[in-house]
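Below: the structure, in structure tokens.
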Amino acid sequence: MGSRQGCRHGGRFEWREQALAEYERNGGRAVAIPVETSNADYSFTEPADRNWYYAVGSARSNVTGVVTVVPGADGRPVVGLDYQVNVWDRYNWDEGKGVHIGKFEIPDGEMGQQHKIGLAQEFNMAGSSAVKHYELGSGAAVPTPDDPGRAGERSDRHARDGGGDIDR
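The sequence shown begins at 5 in this note's numbering and counts up one residue at a time.
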């Protein structure tokens, strides 16, 4: 039994009610229900996060997960949500778009021309967060995203660029 929920944040409450109803129909035995929000556009803003704003700009995203209900130690059901956030986009340069960096204006059409002559390349990007757990109905705050930090090295970039220092 799956649920596709268009509501970005309200869905978790509806998912909880749906899972509790299934738990009752199942005679109080554990249940697991896959859930997914609808896909939505998301745009980063420069004030909120300059790195994501300049690197990605906008992308599509959704949340996927599993709602579980298990009998608690006191006999009352415990409802949990294990979920992850998914993000994807086509990194391309569309005519009529662009970005301002300081006093410089960089039109996407100019970068698109670089792609057409083979000096730039469009590509697909996609990623998912780590799986997070949230007790639905606990009143606790939704977990915050992990800080990915800057640990490790970019050996993929290092090898592709022929070595040398990497600007971190």
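Backbone N, C-alpha and C fix where the C-beta goes; we use that ideal spot for every residue, glycine too.
If you're wondering where the values come from, they're calculated on a predicted model, not measured in any experiment.
- The beta carbon of Met115 sits closer than 7 Å to those of Trp97 and Ala124, all from its chain and outside the five residues before and after it, given in chain order.
- Nearest neighbour of Thr72 by Cα position, chosen from Lys101, His119 and Ala34, turns out to be Ala34.
- Across the set Glu21, Val60 and Pro149, the C-alpha of Pro149 shows the shortest separation from the C-alpha of Gln88.
- Exclusion of the five residues before and after Asn90 leaves Ser65, Asn66, Thr68 and Ser132 as the residues of its chain whose Cβ lies within less than 7 Å of its Cβ.
- Look at Arg94 here: in three-state DSSP terms it is strand.
- For Gln125, the secondary structure class from DSSP, reduced to helix, strand or coil, is coil.
- Burial of Tyr27 is indicated by the presence of at least 16 other C-beta atoms within 10 angstroms of its C-beta.
- For the options Val39, Glu99, Ser47 and Gly31, the alpha carbon positioned closest to that of Phe17 is the one of Val39.
- Of the candidates Val74, Asp86 and Val103, the residue whose Cα lies closest to the Cα of Ala25 is Val74.
- Taking 8 Å as the cut-off, the beta carbon of Glu109 is found no closer than this to the beta carbon of Gly100.
- Taking a C-beta distance under 8 Å as the contact criterion, Tyr46 and Ala63 qualify as a contact pair.
- By the criterion of a C-beta distance shorter than 6 Å, Arg94 is surrounded in its chain by Asn128, once the five residues flanking it on both sides are discounted.
- Counting the other Cβ atoms within 10 Å of the Cβ of Gly143 gives fewer than 16, which makes it exposed.
- Ala23 counts as buried, since at least 16 other C-beta atoms from the protein chains shown sit within 10 angstroms of its C-beta.
- Cβ contact annotation for Asp86 (same chain, cutoff 6 Å, sequence separation greater than five): Gly69, Val70, Val135 and His137, in chain order.
- A straight line joining the alpha-carbon of Gly32 with that of Glu139 spans about 18 Å.
- If you look at Asn55, you'll find it in the alpha helix (DSSP H) that goes Arg54 to Ala59.
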